[in-house]
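Engineer: The structure that follows is given in the form of structure tokens.
There are 4 protein chains.
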Amino acid sequence: MAESQEIELRGHIIDSGIMTQLFDRVMDMGGNFEILVFEVGKKKTDPSYARLRIAASSRETLQSILSELHRLGARPLKVKDVHLVPAEADRVVPKGFYTTTNHPTQVKYCGEWIPVQAIEMDFLIVVNPEEKIAVAKPLGKVQKGNLVVVGEQGVGVSYPERPREQSTFEFMHGTVSPERPSETLIAKIAKEILEVRKNGGKIAVVGGPAIIHTGADRALAGMIHDGYIDVLFAGNALATHDIEYNLYGTSLGMDISTGKPVMGGHRHHLYAISEIMRAGSIKNAVDTGVVTGGIMYECIKHNIPFVLAGSIRDDGPLPDVILDVMEAQDAMRKHIEGCSMVVMIATLLHSIAVGNCLPSSVKTVCVDINPAHLTKLMDRGTTQAIGIVSDAGTFLPLLAKQLEIQSCAAKK
Amino acid sequence: MAESQEIELRGHIIDSGIMTQLFDRVMDMGGNFEILVFEVGKKKTDPSYARLRIAASSRETLQSILSELHRLGARPLKVKDVHLVPAEADRVVPKGFYTTTNHPTQVKYCGEWIPVQAIEMDFLIVVNPEEKIAVAKPLGKVQKGNLVVVGEQGVGVSYPERPREQSTFEFMHGTVSPERPSETLIAKIAKEILEVRKNGGKIAVVGGPAIIHTGADRALAGMIHDGYIDVLFAGNALATHDIEYNLYGTSLGMDISTGKPVMGGHRHHLYAISEIMRAGSIKNAVDTGVVTGGIMYECIKHNIPFVLAGSIRDDGPLPDVILDVMEAQDAMRKHIEGCSMVVMIATLLHSIAVGNCLPSSVKTVCVDINPAHLTKLMDRGTTQAIGIVSDAGTFLPLLAKQLEIQSCAAKK
Amino acid sequence: MAESQEIELRGHIIDSGIMTQLFDRVMDMGGNFEILVFEVGKKKTDPSYARLRIAASSRETLQSILSELHRLGARPLKVKDVHLVPAEADRVVPKGFYTTTNHPTQVKYCGEWIPVQAIEMDFLIVVNPEEKIAVAKPLGKVQKGNLVVVGEQGVGVSYPERPREQSTFEFMHGTVSPERPSETLIAKIAKEILEVRKNGGKIAVVGGPAIIHTGADRALAGMIHDGYIDVLFAGNALATHDIEYNLYGTSLGMDISTGKPVMGGHRHHLYAISEIMRAGSIKNAVDTGVVTGGIMYECIKHNIPFVLAGSIRDDGPLPDVILDVMEAQDAMRKHIEGCSMVVMIATLLHSIAVGNCLPSSVKTVCVDINPAHLTKLMDRGTTQAIGIVSDAGTFLPLLAKQLEIQSCAAKK
Amino acid sequence: MAESQEIELRGHIIDSGIMTQLFDRVMDMGGNFEILVFEVGKKKTDPSYARLRIAASSRETLQSILSELHRLGARPLKVKDVHLVPAEADRVVPKGFYTTTNHPTQVKYCGEWIPVQAIEMDFLIVVNPEEKIAVAKPLGKVQKGNLVVVGEQGVGVSYPERPREQSTFEFMHGTVSPERPSETLIAKIAKEILEVRKNGGKIAVVGGPAIIHTGADRALAGMIHDGYIDVLFAGNALATHDIEYNLYGTSLGMDISTGKPVMGGHRHHLYAISEIMRAGSIKNAVDTGVVTGGIMYECIKHNIPFVLAGSIRDDGPLPDVILDVMEAQDAMRKHIEGCSMVVMIATLLHSIAVGNCLPSSVKTVCVDINPAHLTKLMDRGTTQAIGIVSDAGTFLPLLAKQLEIQSCAAKK
């Protein structure tokens, strides 16, 4: 082990599992380590501290290992300033550019640590030297002359800590299993939602059209009406079928109250889109009394913003749908800002898109009937995620009910 | 088309889809047909009648086609007596033996049509000439000298008719989709259960251990307590975890009320089995106050019979488990007799086993989180089957609730 | 049954299952029917003919039934001209507009039947009276003054016939099962591909990134190289990971040849996108020798057009990706024209999008590891569809092998 | 933290992830720890050593924590003899009995460590004081007077170490993903099989009937013929459909070579069972030339033992099927002894049953089309398990091919 370097980690490195990941990675990559200092925080609120010497047989392997440990929050004992290289042209960035994690990140510039704004996974970091500001940017938005961070030097990652008091998000972390006590879990999620609200946190919902098809739209509309939701992310299908149901009592041509297909019902979604086109927008349709209930109606009535992102399988689409996918991403980002919790229901496409934009601190609840979808969603670097294999049509009504029961109980 | 034969069909052959299947099979098999008579029943209660000439290019193909049509209820205009051949030895049966469908079946013997008793799919028919009785028997129970029906001659199948008034079972028939209005569907199933009860019908439940793991055991125990269930088919795991929950508050070591694993909880299922072994049986454990609640407790308290069928993955097992799989099948058959409805929840093994024994007239409701399991279950020849992709933990509590609401409403 | 009307059907109405669907729908909707004439084609090539009287208790029900039968190809004995109403404004269409099926369709105008061009499901029909041309258009492209067909009067649908000689597409029709003889099936699909090529048919592939992740990219690149594919429909992910693999030997940071993650590999996909951004386009990157192999390389080298449709979960994206989803749909439509066969592999989003644009006559093969995805894909009105539950990583290499074996055998 | 105790761990405690699990459990359970000694092995072959003080706020919590750590191999510094209590009656065991892991285990008796024989998960340990032998026994086999270990005192668990050189089993450990390079993975598994054979290791296959339905039977029969398999675990269905295919060319009535259903084919599986009943056993049927090929034939011809375990969904069953599930378990155990590797293909029931009986050192490869089944199988405490989401029909032929290629290459 010819090459070695000392690194240090601070924080709740035991509870959060960082230490264990660190050991594993070093060993996986053929390196070795020596524990120089290891001070475990005495009280729950005390951070721990560790200093280790990482060794490897070659300079290159050592760099690879350090690069991985960097992403867990490990830092060399002495950190130099970030290395900045200007972009040659719009979207043409320097080789070896640093790519971000979705954890809080700082860069050392002129000897000072400055936080990276708008952090998101797989972005670049651009530093504005005059204003001493560092901002995370997607590759496609880097402009000529932007000073881009290259390499890991001078970049610090704050790997999220797992608080010692276990919340629902901790005990479920990373697991997706249909064999969980469903009602217990729903009650816990309702509790978390009320907690987030009490603390002034912002809650987003990402939803797919199965919410309408399974008859859970009333539950979701009720939750919007009652002020539990701050922003809705969805696509053309959810909005279309919601409006179809309000106008014709059907969803994809099926009568929700009987579950039976209605004659001529296959036309209803197109008729619904046509009505909104005629009105000019969903808002106009609500304002003029064309649409009188449902999820979109409650959003309009309660000034809850929504982003309807376009997709290549859209019929119509509704005039409110954002056709350009990058514009849609920007709209999502704008509304994600400040969210503390995101509930994702029965949509893989929109959930992954929103998940991509989330910092790792946001709590996410993913509900899908397909365990494989949940596995994909949970694998996105969120540290506080719950995956529930369930049916939107039974999950949402039970959640709405729990919110009602628990908020009544709280008022007493 | 050198070879041809006339056949006839009677009954609700249009509504039940028999006519359409018949057309398809003839064409699929390279045959041809001519409609000689086609009288559609004028009123809902009137049967239809069709006479067709089936033609094929060879005698062999014609026989194959007629053999398929036979299973749909088609008969030659003139039916001869069944052909009977004695079994050479126990389990050694004549070649070309007739294998049954799960539809009501008759054999023509001495010029008379006699019904086949205990009909079940993939059985043989044995005729007792003295008593003029025909009984369906599994291959493994045919005894030396039994007169076994060979070929289709003289066998008549009554393909089940689909009544014109559509019930829930008709409109859902054969479809498995997670995108159905869940609450609507659950309300309909509650209605069917109450209907069956009102008409004196017998209801069976087939259940897997996920009922306990997802916290739906209270709902099922309640339904047994309230008299909705007449027999329970399950395995060692459901009973063990039900008792584990009653004794230790855990299921597979997880605390159902918090959803968290309990220290040392991995031992609880073995401790539960040990307690029942000590008592001698579940009944003894209930009678002596060891077990004081849960699904098995309610079965014992309300004299609801249960069949716990053994499987090779069993721990223990409990003393009540039937270890011999053929004995377990016989026990299931005994209790299936007279059932009008079977609700299958979250178990593939036990549901297929019970499904194999059901005559086609029994209504079945299959609930599973895995659509592939439902597809397998629905493909068993039951003509009135509903497949619901849902989570036992949300489905059963909502069903129990609906039963309560609807039965209260009915009393008023 | 106070109200009745006579209708007629022509063609292979038995083989294609039309007759059977017709019976079912009439009965499902509470109507009744009387068969007035039923002439079954005597030879395989002869069409059949049926005339029926459809009856219902009310004018409204009768209309509903006739409207459904219309979509199966049934027509009144005397057909009047289509009813045309001008669009008030762009995208504002007359109420009760006719919505298309994906079957060949004709409209009667000035007493003549004229074919509807560019037919696609859920479109409107616009008639140009001067040129006597009828074109299917999506709702969003109807312009002020366009004469839009309203109601079903004067519209004729040619429900696709199922030829009596059964091909692979017929025998598998509509079924999705993992329990099929896989190698047999792959050999059959290879045979169909060679058949289509021999007859000058055009073949499209729709592919997802799992093709790269599972190491099946070489097989697909080989098929493009060997001239089996005419157009590729995919998204940013497939192209990015294909190029990542060519540049760095990884896919999503995993070394395809060893299956292990590569240090720093999580950056490779962004580095790959950056290289293409620097080059300006995939074509430039191939022409300047930056990209030297893979699926996209083969497309460029052999002038195979590709459509990379944008989605909201895209990183980057590559400069070749079409960001506007409606533009992407148009690009897909342009290249779908003239396709006889589409092979869809491991992508739900792009497969549904392409499937939406297909006329019902196009043969489709859908391969996915998830049976639920196949069920969704098969349910799109294509009459010749095969669903195969399989793994791209084993399916494509075996298919490429079969194509090689069978084409060699054919040359001998 | 009033209560504390010192424990020690030895071995490859870093590489194997034991240390990291230990930290997590202590924290999860509200305890605390202090690292007293931590010596990391300098060379790959050197074991590490750690001594920690575990603290908790109460005696009870501390015991719970120590009980969990025990299962990871941690031991108190001074170990006392095991506590033995005689069983009151057959199957009636002392309260608080120790339940085993599937890791190598020792008990301290009369001051000496003696190994526990026949270790398997969820068993009890019985000590024979005369012969100084300790044996693991299932609850149901404990006899009156047997001395049963109670509590963890004196029991030592050797948590399996993960060797530093990573094999296929290490890098895949615990992950189930359809998005892996399939051919690469299959080549690696072939390499492992050849490695096991070279070292004289025993290989078992657990298989479901989908092997026959998907046409992979020839590949498996070939592998048995070529001497790669030492024992086969399956059920009535695999054997029946294998024989059906040999006798009639069909599997579940479908012609494997064309993939089409054969007329009357639904009877073939019963006819196949009937033939074996007539012969008396599969062996007799092979010896008398009734069965002339297939998986069972190769087993008989090459003296490869098989266990056909009965299940409640069996038709027939074949005379070779073991009807009593506990007898079947014993038969499985007998043949599992000495196995180094188990390949589980397309059966959940039999795979779980076999998996239950495996010590943790056995390598397992699980292949299933359903990722949820793999998740269940991988969750059984095996430390070297690979889960592959794939189709038996493509996986097995590719594996057989790789075995051929690699074994040829090895001979050169």
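Protein chains in written order, with this note's numbering: chain A, 128 to 539; chain U, 128 to 539; chain X, 128 to 539; chain F, 128 to 539. Even for Gly, the Cβ is constructed at its ideal location relative to N, Cα and C.
Does any CB atom of chain U fall closer than 8 Å to the CB of Thr341 (chain A)?
Structural biologist: With 8 Å as the cut-off, Thr341 (chain A) counts as an interface residue toward chain U.
Engineer: Residues in its own chain within less than 7 Å of Gln132 (chain A) by CB, not counting five upstream and five downstream?
Structural biologist: Once the five neighbours on either side are set aside, the close Cβ partners of Gln132 (chain A) are Ile181, Leu189, Leu193 and Pro203.
Engineer: I'd like the span of the beta strand (DSSP E) that includes Ile134 (chain A), first residue to last.
Structural biologist: Glu130 to Gly138 is the extent of the beta strand (DSSP E) around Ile134 (chain A).
Engineer: Note down the Cα distance separating Val206 (chain F) from Gly391 (chain U), rounded to an integer number of angstroms.
Structural biologist: The straight-line gap from Cα to Cα measures roughly 21 Å.
Engineer: Return the CA-CA distance between Tyr424 (chain F) and Phe522 (chain X), expressed in angstroms with no decimal places.
Structural biologist: Their backbone Cα atoms lie some 29 Å apart in a straight line.
Engineer: Flag Ile513 (chain U) as yes if its beta-carbon sits less than 8 Å from any beta-carbon of chain A, otherwise no.
Structural biologist: Closer than 8 Å: no.
Engineer: Looking at Thr232 (chain X) and Val282 (chain X), is the spacing between their C-beta atoms short of 8 Å?
Structural biologist: A contact, by the Cβ cut-off of 8 Å.
Engineer: Helix, strand or coil: how does DSSP classify His300 (chain X) here?
Structural biologist: Low confidence applies to His300 (chain X): its pLDDT is 48, below 50, so where it sits in the model is not reliable enough to give any reading.
Engineer: Between which residues of its own chain and Gly278 (chain X) is the CB-CB distance below 7 Å, once the five residues before and five after are set aside?
Structural biologist: Excluding residues within five positions, the ones whose Cβ falls inside 7 Å are His210, Gly223 and Tyr225.
Engineer: Between which residues of its own chain and Pro388 (chain U) is the CB-CB distance below 7 Å, once the five residues before and five after are set aside?
Structural biologist: Excluding positions up to five away in sequence, the list reads Gly380 and Met381.
Engineer: Apply the 10 Å Cβ neighbour rule to Ser175 (chain A) and answer buried if 16 or more other Cβ atoms are within range, or exposed otherwise.
Structural biologist: Result: buried.
Engineer: Smallest Cα separation from Ile427 (chain X): which of X:Ile439, X:Ala412 and X:Arg440?
Structural biologist: Considering only alpha carbons, the answer is X:Ala412.
Engineer: With respect to the alpha helix (DSSP H) encompassing Phe150 (chain X), which residues constitute its N-terminal and C-terminal limits?
Structural biologist: That run of the alpha helix (DSSP H) goes Ile145 to Asp155.
Engineer: Among U:Tyr372, U:Ala512 and U:Ala245, which has the Cα closest to the Cα of Arg345 (chain U)?
Structural biologist: That would be U:Tyr372, whose Cα lies nearest to the Cα of Arg345 (chain U).
Engineer: From Phe150 (chain X) to Val284 (chain X), what does the alpha carbon distance come to, in whole angstroms?
Structural biologist: Going by the C-alpha atoms only, they are around 18 Å apart.
Engineer: For Ala519 (chain F), which residues from the same chain have a beta carbon less than 7 Å from its beta carbon, with the 5 sequence-adjacent residues on both sides left out?
Structural biologist: Taken in chain order, the residues that qualify are Ala337, Ile338, Thr341, Ala343, Ile472, Ala473 and Val494.
Engineer: Excluding the 5 residues flanking Gln148 (chain X) on each side, which residues of the same chain have their C-beta closer than 7 Å to its C-beta?
Structural biologist: So the list reads Leu199, once near-sequence residues are dropped.
Engineer: Report the neighbours of Ile162 (chain F) on chain A: residues whose CB is nearer than 7 Å to its CB, in chain order.
Structural biologist: Within chain A, the residues near Ile162 (chain F) are Phe165.
Engineer: Could you say which of U:Glu322, U:Val333 and U:Ser309 lies nearest to Leu485 (chain U) if we only look at CA atoms?
Structural biologist: Residue U:Val333 is the option with its Cα nearest to Leu485 (chain U).
Engineer: Do Ser438 (chain U) and Leu475 (chain U) have their CB atoms nearer than 8 Å?
Structural biologist: Taking 8 Å as the Cβ cut-off, Ser438 (chain U) and Leu475 (chain U) do not qualify as a contacting pair.
Engineer: When you compare only the Cα positions, how much space is there between Ser467 (chain U) and Gln533 (chain U)?
Structural biologist: Distance between the alpha carbons of Ser467 (chain U) and Gln533 (chain U): 20 Å.
Engineer: Can you tell me whether DSSP reads Ala346 (chain U) as helix, strand or coil?
Structural biologist: Correct three-state label for Ala346 (chain U): helix.
Engineer: Tell me the residue span of the beta strand (DSSP E) that contains Pro242 (chain U).
Structural biologist: Per DSSP, Pro242 (chain U) belongs to the beta strand (DSSP E) from Glu239 to Gln244.
Engineer: Counting Cβ pairs, one atom from each stretch, are 3 or more of them under 8 Å apart for the segment 437-452 of chain U and the segment 313-327 of chain U?
Structural biologist: With a cut-off of 8 Å, the segment 313-327 of chain U and the segment 437-452 of chain U do not count as touching, because too few Cβ pairs lie within range.
Engineer: Going by Cα to Cα distance, which pick from U:Val469, U:Pro498 and U:Ala480 is closest to Thr491 (chain U)?
Structural biologist: Ranking the options by Cα distance to Thr491 (chain U), first place goes to U:Val469.
Engineer: Using a Cβ-Cβ distance under 8 Å, would Ile316 (chain U) count as near chain A?
Structural biologist: Not one chain A Cβ lies under 8 Å of Ile316 (chain U).
Engineer: Tell me the DSSP secondary structure of Asn363 (chain U) in three-state form.
Structural biologist: Helix, per DSSP.
Engineer: Give me the residue from A:Gly238, A:Ile400, A:Glu310 and A:Pro265 with the minimum Cα distance to Thr227 (chain A).
Structural biologist: Comparing Cα positions, the closest option is A:Pro265.
Engineer: Look at the alpha carbon of Asn273 (chain F) and the alpha carbon of Pro213 (chain F), and state the distance between them as a whole number of angstroms.
Structural biologist: Looking at the two C-alpha atoms, the distance is approximately 5 Å.
Engineer: Under a three-way DSSP split, which group does Val323 (chain U) fall into?
Structural biologist: Correct three-state label for Val323 (chain U): helix.
Engineer: Verify the CB distance criterion: does Ser226 (chain U) have a CB-CB separation below 8 Å to chain F?
Structural biologist: Ser is not the amino acid found at residue 226 (chain U); the sequence shown has Thr there. Yes, contact with chain F.
Engineer: Please classify Gly301 (chain U): is it buried, with 16 or more other beta-carbons within 10 angstroms of its beta-carbon, or exposed?
Structural biologist: In this prediction, Gly301 (chain U) scores a pLDDT of 49, lower than 50, which makes its location untrustworthy; the coordinate-derived value is nonetheless stated afterwards. Answer is exposed; the Cβ neighbour count stays below 16.
Engineer: So Phe165 (chain A) is in the beta strand (DSSP E); what residue range does that whole segment cover?
Structural biologist: That run of the beta strand (DSSP E) goes Asn159 to Glu166.
Engineer: I believe Asp451 (chain F) touches Leu450 (chain U) by the beta-carbon criterion, under 8 Å. Please report the beta-carbon distance rounded to the nearest angstrom.
Structural biologist: Right, their Cβ atoms sit about 5 Å apart.
Engineer: Using three-state DSSP, classify Val481 (chain X) as helix, strand or coil.
Structural biologist: Helix at Val481 (chain X).
Engineer: Whole angstroms is fine: what's the gap from Leu179 (chain F)'s alpha carbon to Pro287 (chain A)'s?
Structural biologist: Roughly 26 Å between the two C-alpha positions.
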